[in-house]
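Asker: Just so you know, the protein sequences line up as chains S and Z, in that order.
Each residue of the first sequence is one higher than the last, beginning at 1 in my numbering.
Each residue of the second sequence is one higher than the last, beginning at 1001 in my numbering.
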Amino acid sequence: MTPLAVTAWTATSAAGAGRDELLIALRTRQSGLRPNDFGPTPLATWIGRVAGVDECSLPATLANWDCRNNRLAWLGLQADGFLRRAVAARDHYGADRVALIVGTSTSSIGATEEAYARLDDDGRFPADLRRPIVHTPHSLGDFLQHALGLTGYALTVATACSSSAKVFAQAARIIAAGIADAVVVGGVDSLCGSVLFGFNALELISPEKCRPFDPARRGINIGEAAGFALLEKDGDGPWLLGYGESSDAHHMSSPHPDCLGAQLAIDAALERAALPPSAVNYINLHGTASQMNDEIEARVVARTFPQSTCASSTKGWTGHTLGAAGILEAVITLLALEAGVLPGTLNSVALDRACGPQIRLENVTAPVQVALSHSFGFGGSNCVLAFGARSAH
Amino acid sequence: MQHHVFIAGVALWSPQLPGWEAARAILRGDRSPDPDAATRPAATLLAPTERRRAPDSVAVALEVAASACQDAQLDPARLSSVFASTHGDLAVTDSLCETLAKAPQLTSPTKFHNSVHNAAAGYWTIGSKCLRPYTAVSAWHHTFAAGLLEATSQAIVQQEPILYVAYDIAARGPLSTMAQSGSLLAAALVLAPDYSSAATTRMTWSTRPSASPTLSVSRPTNEALVAGNAMAGCLPLFEALATNQACELTYAAAPRLELALALQPVRAETRAA
């Protein structure tokens, strides 16, 4: 594919607001996880909660979209001057020529959950939550389109944990089809009852800090995050070199046992980027710390990449931010390219025997030319992104 | 920029329009809808045990997905897909939120995995053993046209046929005051960059900015058949396909983005050439 320049990019998660805080957390190996304190009856687990979401207030003109998920989106837009950069792109290309494609798993379902917990005596939604837009999946896309003053193509992608990785693929197609000149991509997912109690029902929640790829791992920690990137045909920044997408065709909530879908997504990303596996310096793995994901992902990495490729999961810093994991980990991958900091795998003390030499516990400092980000989702949806350094294209 | 794709497979299902053969005649006004309307399609792609438990959204989406592939004479396992739904499964969301409000620890694992927006797409790829990618999207009132644009873009940029599935179901419980949608409705198209013997229509498309996009409308009698379903916007295109005549349609793919479609039946085009 024709590479696209990533000219602005940011992420806000439990590991910090914006790139500088995130990079410091990665360098100093400070986890953002904390004991679960979300909701009236918190499960015994750890979560990646973003500071300041509940205190954040939206501008009066955006009050119709007010809910926890859109507040997190608003917080995320402020970091690294992203809002300013997106508005500058809008003014440069025209509001109708900048598309908006964002991913989420549950969007603002937290507002719907709250309405059900506060139904009035007639069984209706409370007056303050009678706002249809916050009770539908496109709440996120519609909010961001208004917040950024964009008028072109706008889409919310919801393919669970691969959502905000797939937005990069869709952006590449929308630009190639001439529908937009630039695309704001991103993803936002916030803590809510559905995901905490839902993953708990699937017995995937860890009672302790998640330990990706550790033989004694006990499951995932749910996190929340907001992240964005501006993609343009040309410009100053690292490059999106390729994407690969696939389906497992196996099971709604467990990955393919032979890593077939993951392998297809990796192969397709490398093919679009016209790169051999040996060109990959770093991989940010999906690495959720669930039994199945980590074993299968470790096997596919071990058989595909040379020893020289460093790979790690950063879920120990942020938790699994679900529909925002794609963009958050794309940003960590871009930080590796720009700063030469290859994060290791936090909280884990040993490696599963399925792991090859690629998967690292400790951070590595090394120049990076090409890096991948893996996102494998619920419902068997896989997406792998390939990024290159400024000089790589 | 103007592009074109070939429509090689068509499917539609609602209780009053149960399958494309019946729907085509009814939408043309050649036939009245069956008074003994079906309640939901059989979802034969799923194993019998899963079939009964499948949410309405999954049943109706899988029905049209399978029918469109059959119509296009293409193996479903070969097709990438785009699944679009305004609200996802409103009944599952209602039930999940009710449980969370009363006894969150009793949340059902099945209900949780059925609540994700990509549940229908996930079941489709499992049922059809399809390793090709899918996406699952929403754009509120613009979902049908925005999803169609994603599907047509994939077809032309990746030069491969694409399955496009659009569906919504009836709202239930307190949520029905916020997410207005009635009945079941699903539509599917197989869109191909190149001509094949299954192609019935050549569809030319382009987008342009518009402060107030013009919207093609369907006949009121047809509109009434889909009972305020959130995906009712698909009807003008399917009415046009039912009549099999050249025509032009406009949709809003975003609040200020018009999608213009020009449909040309393939046989007529061949005759003209």
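Note that the Cβ used here is the ideal one computed from N, Cα and C, for glycine as well.
#1: Tell me, please, whether the CB atom of Z:Tyr-1154 is closer than 8 angstroms to any CB atom in chain S?
#2: From this set, Z:Pro-1255, Z:Ala-1230, Z:Phe-1112 and Z:Phe-1238, which residue's C-alpha is nearest Z:Gln-1180's C-alpha?
#3: Just to confirm my understanding: we take S:Arg-19, look at its own chain, exclude 5 residues before and 5 after, and list those with CB closer than 8 angstroms. What are they?
#4: Kindly indicate which three-state DSSP category Z:Cys-1247 falls into: helix, strand or coil?
#5: For the stretch 219 to 277 of chain S, list the beta strand (DSSP E) runs that are entirely contained and at least 3 residues long, ordered along the chain.
#6: Against chain Z, does S:Val-341 count as a neighbour if the rule is that its beta carbon must be under 8 angstroms from one of theirs?
#7: Within 8 angstroms of any Cβ in chain S, is that where the Cβ of Z:Ala-1273 sits?
#8: For Z:Ala-1272 and S:Pro-277, what's the separation of their Cα atoms in angstroms?
#9: For S:Gly-244 and Z:Gly-1029, what's the separation of their Cα atoms in angstroms?
#10: Taking only three categories from DSSP, how would you classify S:Cys-161?
#11: Chain Z beta carbons: is any one of them nearer than 8 angstroms to that of S:Arg-173?
#12: Check Z:Ala-1272 in the structure and name its three-state DSSP category.
#13: Among S:Leu-275, S:Ser-164, S:Ala-147 and S:Arg-84, whose alpha-carbon lies nearest the alpha-carbon of S:His-286?
#14: Look at the alpha carbon of Z:Leu-1249 and the alpha carbon of S:Thr-106, and state the distance between them as a whole number of angstroms.
#15: Residues in its own chain within less than 6 angstroms of S:Arg-211 by CB, not counting five upstream and five downstream?
#16: For a contact meaning CB atoms closer than 7 angstroms, what does S:Arg-124 contact in chain Z?
#17: Bridge partners for S:Val-349 per DSSP, in chain order?
#18: From the DSSP output, which residues share a beta bridge with Z:Ser-1210?
#19: For S:Ala-96, count the other beta carbons within 10 Å of its own beta carbon; 16 or more makes it buried, fewer makes it exposed. Which is it?
#20: Mind reading off the beta-carbon distance from S:Glu-394 to S:Ser-194? Whole number of angstroms is fine, and I expect it under 8 angstroms.
#21: Compute the distance between the beta-carbons of Z:Ile-1007 and Z:Thr-1204, then report whether it is under 8 angstroms.
#22: Classify S:Asn-284 as helix, strand or coil using the three-state DSSP reduction.
#23: Quickly, what does DSSP pair S:Asp-189 with across the bridge? List them, please.
#24: On a CA-only basis, which of S:Val-280, S:Gly-186 and S:Asp-181 is nearest S:Gly-103? Give me that one, please.
#25: Whole angstroms is fine: what's the gap from S:Ser-414's alpha carbon to Z:Leu-1263's?
#26: Over what stretch of residues does the beta strand (DSSP E) that includes Z:Pro-1265 continue unbroken?
#27: Answer yes or no: do S:Gly-380 and S:Ala-249 have a C-beta to C-beta separation smaller than 8 angstroms?
#28: Counting only beta-carbon atoms, is S:Leu-4 nearer than 8 angstroms to chain Z?
#29: Using DSSP with H/G/I as helix, E/B as strand and the rest coil, what is S:Thr-365?
#30: Just how far apart, CA to CA, sit S:Pro-137 and S:Ile-109?
#31: Just the C-alpha distance for Z:Ser-1085 and Z:Tyr-1251, rounded to the nearest angstrom, thanks.
#32: Would you say the beta carbon of S:Ser-278 is closer than 7 angstroms to some non-hydrogen atom of the ligand NAP?
#33: Going by Cα to Cα distance, which pick from S:Leu-230, S:Gln-263, S:Ser-246 and S:Gln-369 is closest to S:Arg-84?
#34: Is the beta carbon of Z:Glu-1258 less than 8 angstroms from the beta carbon of Z:Thr-1207?
#35: Contact between the stretch 138 to 149 of chain S and the stretch 196 to 208 of chain S: three or more CB pairs below 8 angstroms?
#36: Say whether chain S places a C-beta atom closer than 8 angstroms to the C-beta of Z:Asn-1244.
Answerer: So, from the data block:
#1: The question names Tyr, but residue 1154 of chain Z in the sequence shown is Gln. Yes, its Cβ sits closer than 8 angstroms to a Cβ of chain S.
#2: Z:Ala-1230
#3: Trp-9, Thr-10, Ala-11, Ala-79, Asp-80, Val-331 and Leu-335
#4: strand
#5: 225 to 232 and 239 to 247
#6: no
#7: Only weak support is given to the placement of Z:Ala-1273: the predicted model assigns it a pLDDT of 45, under 50, and the value that follows is read from those uncertain coordinates. With 8 angstroms as the cut-off, Z:Ala-1273 does not count as an interface residue toward chain S.
#8: Only weak support exists for where Z:Ala-1272 lies, its pLDDT of 46 falling under 50; the value from the coordinates is given anyway. The alpha-carbon separation between Z:Ala-1272 and S:Pro-277 amounts to approximately 51 angstroms.
#9: 45 angstroms
#10: helix
#11: yes
#12: Caution is warranted here: a pLDDT of 46 is assigned to Z:Ala-1272, below 50, making its placement in the model unreliable, and the coordinate value is therefore given only provisionally. Looking at Z:Ala-1272 - three-state DSSP - the assignment turns out to be helix.
#13: S:Ser-164
#14: 33 angstroms
#15: Residues Arg-217, Ala-289, Asn-347 and Ser-348 of the same chain have their beta carbon placed closer than 6 angstroms to that of S:Arg-211, with the five preceding and five following residues left out of the count.
#16: Pro-1174 and Thr-1177
#17: According to DSSP, which records beta bridges pairwise, S:Val-349 is partnered with nothing at all.
#18: DSSP lists no partner for Z:Ser-1210.
#19: According to the sequence shown, residue 96 of chain S is Asp rather than Ala. Buried, by the Cβ-count rule.
#20: The structure shown does not extend to residue 394 of chain S, since chain S is modelled only from 1 to 393, so the question has no answer here.
#21: Contact: no.
#22: strand
#23: S:Ala-225
#24: S:Gly-186
#25: This structure gives no information on residue 414 of chain S, because the portion of chain S shown stretches from 1 to 393.
#26: Taken as a continuous stretch (DSSP letters only), the beta strand (DSSP E) holding Z:Pro-1265 covers 1257 to 1265.
#27: With respect to the 8 angstroms criterion, S:Gly-380 and S:Ala-249 are classified as neighbours on the basis of their beta carbons.
#28: Between S:Leu-4 and chain Z, the shortest Cβ-Cβ separation is not below 8 angstroms.
#29: S:Thr-365 falls in the strand class under three-state DSSP.
#30: Taking the straight line joining both Cα atoms gives about 8 angstroms.
#31: 16 angstroms
#32: As far as ligands go, the structure on display features none, and thus does not contain the ligand NAP.
#33: S:Leu-230
#34: yes
#35: Counting C-beta pairs closer than 8 angstroms gives fewer than three between the stretch 138 to 149 of chain S and the stretch 196 to 208 of chain S, which falls short of the contact rule.
#36: no
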